[in-house]
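Asks: Pasting in a structure now, in structure tokens, and then I'll have a few things to ask.
Protein chains: 2
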Amino acid sequence: MKTPPRMSRLLIVGSVAFDDLELPTGKHDNVWGGSASYAALAASLFTPIDLVAVIGEDFPESQLDTMRRHGVRTEGVERAKGKSFRWAGRYDATLSTRVTLDTQLNVFADFRPKIPGAARRAPFVLLGNIHPALQLEVLEQVEKPRLVVADTMNFWITGEPATLKKLLERVDVLVINDEEARQLGDHHNVSRAAANIRKMGPKHLVVKRGEFGALLFDPEGTFFAPAYPLEDVLDPTGAGDTFAGGFLGYLAHVDAVGGSVDRAAFRRAIVAGSALASFCVEDVGPNRLLTMTGQNLRDRLGAFKALVHVEHELDALTFLR
Amino acid sequence: MKTPPRMSRLLIVGSVAFDDLELPTGKHDNVWGGSASYAALAASLFTPIDLVAVIGEDFPESQLDTMRRHGVRTEGVERAKGKSFRWAGRYDATLSTRVTLDTQLNVFADFRPKIPGAARRAPFVLLGNIHPALQLEVLEQVEKPRLVVADTMNFWITGEPATLKKLLERVDVLVINDEEARQLGDHHNVSRAAANIRKMGPKHLVVKRGEFGALLFDPEGTFFAPAYPLEDVLDPTGAGDTFAGGFLGYLAHVDAVGGSVDRAAFRRAIVAGSALASFCVEDVGPNRLLTMTGQNLRDRLGAFKALVHVEHELDALTFLR
Chain A
34 MKTPPRMSRL LIVGSVAFDD LELPTGKHDN VWGGSASYAA LAASLFTPID LVAVIGEDFP
94 ESQLDTMRRH GVRTEGVERA KGKSFRWAGR YDATLSTRVT LDTQLNVFAD FRPKIPGAAR
154 RAPFVLLGNI HPALQLEVLE QVEKPRLVVA DTMNFWITGE PATLKKLLER VDVLVINDEE
214 ARQLGDHHNV SRAAANIRKM GPKHLVVKRG EFGALLFDPE GTFFAPAYPL EDVLDPTGAG
274 DTFAGGFLGY LAHVDAVGGS VDRAAFRRAI VAGSALASFC VEDVGPNRLL TMTGQNLRDR
334 LGAFKALVHV EHELDALTFL R
Chain B
34 MKTPPRMSRL LIVGSVAFDD LELPTGKHDN VWGGSASYAA LAASLFTPID LVAVIGEDFP
94 ESQLDTMRRH GVRTEGVERA KGKSFRWAGR YDATLSTRVT LDTQLNVFAD FRPKIPGAAR
154 RAPFVLLGNI HPALQLEVLE QVEKPRLVVA DTMNFWITGE PATLKKLLER VDVLVINDEE
214 ARQLGDHHNV SRAAANIRKM GPKHLVVKRG EFGALLFDPE GTFFAPAYPL EDVLDPTGAG
274 DTFAGGFLGY LAHVDAVGGS VDRAAFRRAI VAGSALASFC VEDVGPNRLL TMTGQNLRDR
334 LGAFKALVHV EHELDALTFL R
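The listed protein sequences derive, respectively, from chains A and B.
Under this note's numbering, residues 34 to 354 are what the first sequence spells out, in order.
Under this note's numbering, residues 34 to 354 are what the second sequence spells out, in order.
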């Protein structure tokens with residue numbers, strides 16, 4: 034009996050790491066982190082994931098098991114000699130800014146992503162924030178993806194402009210934060226910066242604005258989704274990666290159930306990503322992403338809807354002039 | 034023949050001033066400014082206004098004429114001996130921060146608001162950002178207003194806490210910015226700060242977040258309206274006052290046409306205020322408020338709707354867990 038080839042839907046490449054977090058509420062060492070961890074755990078609510086990353090000898094097998102239980106395939110997670118990638122950071126009392134205290138690349142320094150056979154046919158690809166040359170290497174290995182989503186950061190924008198430029202020509206959706214958008218788009222006005230970035234390749238630009246929500250710029254205009262105003266934010270680490278994972282996970286899900294990955298789906302994907310990010314910040318590290326259920330998300334999506342809902346037509350107004 | 038007593042709908046008390054503005058695009062001296070000027074011009078699109086303020090001998094009669102042509106009654110504008118209130122400020126290149134270069138109170142130093150007879154019966158009252166003792170004096174002179182909206186600033190929050198506390202007990206809607214909300218509510222988390230402020234008196238709190246929109250906190254929950262992402266922002270001066278004027282002007286209009294000033298109307302009022310503020314910043318001083326029409330606003334309200342519109346139910350989603 035021949036086993037049918039398994040379907041790959043969403044490939045996520047990025048970092049899996051340990052974070053040492055100094056939060057205003059306390060210190061937490063050896064927290065499971067990394068852009069790909071957050072993105073995969075978020076997206077796994079919607080669709081099975083193929084994860085490609087590197088871990089060191091110190092990364093517990095039990096955490097890989099946890100990922101697998103959440104529908105994340107880990108064939109592409111390479112265990113290398115040495116220690117896992119580590120990041121240490123300290124947040125200010127308001128959680129609005131953070132400083133990096135330490136970065137140890139460790140096994141990540143020599144990482145060359147190798148995409149397993151089945152994952153090469155994934156129609157959706159999320160390139161987490163790693164060196165743009167590695168992001169390009171991933172694209173060399175995949176077969177005609179339908180949608181490529183990429184994240185990047187200031188470090189690559191200033192340090193690797195030529196490689197980043199090559200990458201951007203092959204990216205459909207760039208997901209970056211406000212400051213990165215202003216820097217890459219070379220304009221303080223985010224709408225103008227967005228127009229400049231979209232000329233570099235990505236048809237769609239998503240600008241993450243933390244507690245102020247997210248903007249989507251596309252060929253037809255602009256869409257805005259707020260962040261959910263939470264009373265208890267414990268740890269913002271990974272919120273942006275969770276957003277990106279939730280965003281693309283939702284689109285992969287729409288496609289899997291025969292829906293159309295169109296502009297309307299993109300808007301819903303932004304809301305889905307924002308909702309998932311609002312869970313991520315409620316607990317330390319990815320803890321909340323591990324405990325939350327689809328019903329939790331469904332409830333919060335209802336709250337999101339209420340948050341921006343206007344009951345009545347404003348455009349039928351009469352004016353005095 | 035007896036003239037029927039004229040109906041007063043919206044009383045606005047605040048400053049009328051000259052501003053010297055240093056914008057990244059150039060210097061502009063003697064620009065017509067003041068919180069009450071912006072609020073009145075914005076609100077006048079919806080409803081007739083009674084304005085109470087003080088001007089000096091230098092304030093041109095032609096600008097009072099302009100206000101009157103826009104439906105602003107100026108009986109309550111007192112012309113005092115001396116110079117008008119002046120403010121000078123410089124914006125940074127991104128228009129995101131500004132420094133005050135000079136403040137000259139002039140005739141404003143001895144201002145004691147005197148509310149004309151008809152205006153004392155206005156059901157809607159907007160107390161612009163002036164000394165809370167003066168805001169209280171206005172409330173002593175009016176007859177049972179239906180809705181009192183007030184603005185304040187850091188200067189009074191730290192300098193006049195006792196007087197401000199007395200005022201807040203008599204205010205229905207407080208409209209302040211993000212930083213002021215965190216300071217007055219004594220919490221960095223805006224939702225928690227809002228809950229604290231609402232215990233001080235105002236049932237409704239509107240938090241203005243500039244280019245990031247506005248939040249409404251009320252007994253039933255939270256509402257969010259984005260700011261419109263403009264490509265050309267020339268001068269942010271007065272945007273917050275324009276927002277407050279548009280907000281209350283819209284509610285006065287709803288009431289005048291027999292509508293219900295309920296939660297749904299408040300939400301629409303936030304959107305109307307945000308839309309008007311998006312015009313204000315397009316030109317220097319209040320220029321754009323003078324040239325814009327109801328049709329302009331109607332068109333932008335349509336664009337606002339498109340900005341947050343999600344076409345499809347997200348809460349019917351199926352999840353993997």
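The beta carbon of each residue, even a glycine, is placed where N, CA and C say it ideally should be.
Could you pull the DSSP bridge partners for K147(A) from this structure?
Replies: For K147(A), which the question treats as bridged, DSSP gives no partner whatsoever.
Asks: Check whether chain B comes within 8 angstroms of R354(A), counting only Cβ atoms and requiring the distance to be less than that.
Replies: Yes - at least one Cβ of chain B is within 8 angstroms of the one on R354(A).
Asks: Could you tell me how far apart the beta carbons of R300(B) and L249(B) are, in whole angstroms, since I believe they sit closer than 8 angstroms?
Replies: With a Cβ gap of about 7 angstroms, R300(B) and L249(B) count as contacting.
Asks: How should M325(A) be labelled, buried or exposed, when 16 other C-beta atoms within 10 angstroms of its C-beta is the threshold for buried?
Replies: It is buried - the Cβ of M325(A) has at least 16 other Cβ atoms within 10 Å.
Asks: What residues in its chain sit with their C-beta under 8 angstroms from that of I190(A), if we drop five residues either side in the sequence?
Replies: Within the same chain, I190(A) has close Cβ partners L197, E213, Q216 and L217.
Asks: I want to verify the contact list: residues of chain B whose CB lies under 9 angstroms from the CB of G3(A), in sequence order.
Replies: Lying outside 34 to 354, the shown extent of chain A, residue 3(A) is not represented and no answer is given.
Asks: Any C-beta of chain B within less than 9 angstroms: which residues of the stretch 211-231 of chain A qualify?
Replies: Those residues of the stretch 211-231 of chain A that come within reach of chain B (Cβ to Cβ, closer than 9 angstroms) are R215, H221, N222, V223, S224, R225, A227 and A228.
Asks: Let's test the definition: count the other Cβ atoms within 10 Å of the Cβ of F188(B) and tell me whether it reaches 16, buried, or not, exposed.
Replies: Burial call: exposed.
Asks: Closer than 8 angstroms by beta-carbon distance: list the chain B residues that pair up with E55(A), in chain order.
Replies: The premise fails here: E55(A) is roughly 16 angstroms from chain B at the closest Cβ pair, so nothing lies under 8 angstroms.
Asks: Under 8 angstroms, do F51(A) and S117(A) count as touching if we go by C-beta distance?
Replies: Yes. Within cutoff.
Asks: Measure from the alpha carbon of T127(A) to the alpha carbon of each residue in A226(B), L180(B) and L159(B), then state which is nearest.
Replies: Out of A226(B), L180(B) and L159(B), A226(B) has the C-alpha closest to the C-alpha of T127(A).
Asks: Please classify E244(B): is it buried, with 16 or more other beta-carbons within 10 angstroms of its beta-carbon, or exposed?
Replies: With 16 or more other Cβ atoms within 10 Å, it is buried.
Asks: Would D316(A) and D268(A) be called neighbours here (beta carbons separated by less than 8 angstroms)?
Replies: Contact flag set, yes.
Asks: Determine the chain A residues that contact S41(B) at a beta-carbon separation under 8 angstroms, and present them in chain order.
Replies: Under the 8 angstroms cutoff, chain A gives no residues; its nearest Cβ is about 15 angstroms from S41(B).
Asks: Taking all protein chains shown into account, do 16 or more other C-beta atoms lie within 10 angstroms of the C-beta of P194(B), making it buried, or fewer, making it exposed?
Replies: Burial call: exposed.
Asks: For the stretch 48-89 of chain B, which segments carrying the beta strand (DSSP E) assignment without a break, of at least 3 residues, lie completely within its bounds, in sequence order?
Replies: List check, beta strand (DSSP E) in window: 50-56, 59-66 and 82-88.
Asks: For G358(A) and N320(A), what's the separation of their Cα atoms in angstroms?
Replies: The shown model of chain A, from 34 to 354, leaves out residue 358(A), and the question about it has no answer.
Asks: To the nearest angstrom, how far is the alpha carbon of D332(A) from that of E264(B)?
Replies: Computed Cα separation, rounded: 35 angstroms.
Asks: Please confirm whether A86(B) and V64(B) have their CB atoms less than 8 angstroms apart.
Replies: Cβ distance not < 8 angstroms, so A86(B) and V64(B) don't count as in contact.
Asks: In angstroms, rounded to a whole number, what distance separates the CA positions of V239(B) and L284(B)?
Replies: Computed Cα separation, rounded: 14 angstroms.
Asks: If we define contact as Cβ-Cβ less than 8 angstroms, is V343(B) a contact residue for chain A?
Replies: Yes - at least one Cβ of chain A is within 8 angstroms of the one on V343(B).
Asks: Can you tell me where the alpha helix (DSSP H) holding G246(A) begins and where it ends?
Replies: No alpha helix (DSSP H) holds G246(A); DSSP gives it neither H nor E.
Asks: If you scan the stretch 169-194 of chain A from start to end, which runs of the beta strand (DSSP E) of 3 or more residues do you find wholly inside it?
Replies: Qualifying beta strand (DSSP E) stretches, in chain order: 180-183.
Asks: Buried or exposed for V158(B), please, with buried defined as at least 16 other CB atoms from any protein chain shown within 10 angstroms of its CB.
Replies: Flag for V158(B) reads buried.
Asks: Return the chain-ordered list of same chain residues with a C-beta closer than 7 angstroms to the C-beta of G89(A), the five sequence neighbours on each side being excluded.
Replies: Result list for G89(A): A113, G115, K116, S117, N139 and V140, in chain order.
Asks: Classify R101(B) as buried or exposed, calling it buried when 16 or more other Cβ atoms lie within 10 Å of its own Cβ.
Replies: It is exposed - the Cβ of R101(B) has fewer than 16 other Cβ atoms within 10 Å.
Asks: Is the beta carbon of P81(A) closer than 8 angstroms to that of R106(A)?
Replies: Yes.
Asks: Please check the pair A151(A) and V175(A), which I expect to be a contact at CB under 8 angstroms, by giving their CB distance rounded to whole angstroms.
Replies: Not really, about 11 angstroms apart at Cβ, beyond 8 angstroms.
Asks: Which term fits G246(A), buried or exposed, when burial requires 16 or more other beta carbons within 10 angstroms of its beta carbon?
Replies: Looking at its Cβ environment, which holds 16 or more other Cβ atoms inside 10 Å, G246(A) is buried.
Asks: Applying a beta-carbon distance threshold of less than 8 angstroms, which residues of chain A neighbour F276(B)?
Replies: Within chain A, no residue comes near F276(B); the closest Cβ sits about 15 angstroms away, beyond 8 angstroms.
Asks: Under 8 angstroms, Cβ to Cβ, is there at least one residue of chain B near E358(A)?
Replies: This structure cannot speak to residue 358(A), because chain A is shown only from 34 to 354.
Asks: According to DSSP, is Y283(A) helix, strand or coil?
Replies: Helix, per DSSP.
Asks: Restricting to runs no shorter than 3 residues, where is the beta strand (DSSP E) found entirely within the stretch 304-330 of chain A?
Replies: Entirely contained in the stretch 304-330 of chain A, not one beta strand (DSSP E) run reaches 3 residues.
Asks: Taking only beta-carbon atoms, is S307(A) less than 8 angstroms away from chain B?
Replies: For S307(A), the answer is no, since every Cβ of chain B falls outside 8 angstroms of its Cβ.
Asks: In three-state terms, what does DSSP make of I411(B)?
Replies: As displayed, chain B neither begins before 34 nor continues past 354, which places residue 411(B) out of reach and without an answer.
Asks: Can you name the residues that DSSP bridges to L44(B)?
Replies: According to DSSP, L44(B) bridges with D83(B) and V158(B).
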